[in-house]
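So the structure is just underneath, and the comments pick up after that.
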Amino acid sequence: SFIDDQYTSADNAANREIASYDLWNLRVGYDAQRYALQAFVENLADEEYSSGVENLETFYTGFQRAVGRPRWAGVRAELKF
Numbered sequence: 001s002f003i004d005d006q007y008t009s010a011d012n013a014a015n016r017e018i019a020s021y022d023l024w025n026l027r028v029g030y031d032a033q034r035y036a037l038q039a040f041v042e043n044l045a046d047e048e049y050s051s052g053v054e055n056l057e058t059f060y061t062g063f064q065r066a067v068g069r070p071r072w073a074g075v076r077a078e079l080k081f
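Quick note: the sequence shown uses our numbering, first residue 1, plus one each step.
Here it is in structure tokens:
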């Protein structure tokens, strides 16, 4: 998915803008009558991106940046009763 530039303040301050980024996810699975299996990879390209910016000027000088999750993978198993 593509996430366009975002402002994190009501006044659209340039120093509080989050740059655009692309996230690619992959999921494959098998679904049977009694069970289901899935394997997935999130953030396939290991894109480094910000997911938020917080103004700390009330207490400190500067901003806090929330960093998005790096590439991660997993499996999921489901047993149907």
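Every residue gets a Cβ at the ideal spot worked out from N, C-alpha and C, and that includes glycine.
Query                                                                                                                                      : Result
Look at the alpha carbon of Leu37 and the alpha carbon of Tyr30, and state the distance between them as a whole number of angstroms.       : 5 Å
Among the residues of its own chain, which have a CB less than 8 Å from the CB of Asp46, if the five just before and after it don't count? : Pro70, Arg71
Do you know whose CA, among Arg76, Tyr49, Glu78, lies nearest Ile3's CA?                                                                   : Tyr49
Could you name the residues that DSSP lists as bridge partners for Gly52?                                                                  : Ala66
Can you tell me whether Arg76 is helix, strand or coil according to DSSP?                                                                  : strand
Which partner residues does Glu17 have in the DSSP bridge list?                                                                            : Tyr7
Any idea if Asn43 is buried or exposed, counting beta-carbon neighbours within 10 angstroms, 16 or more meaning buried?                    : buried
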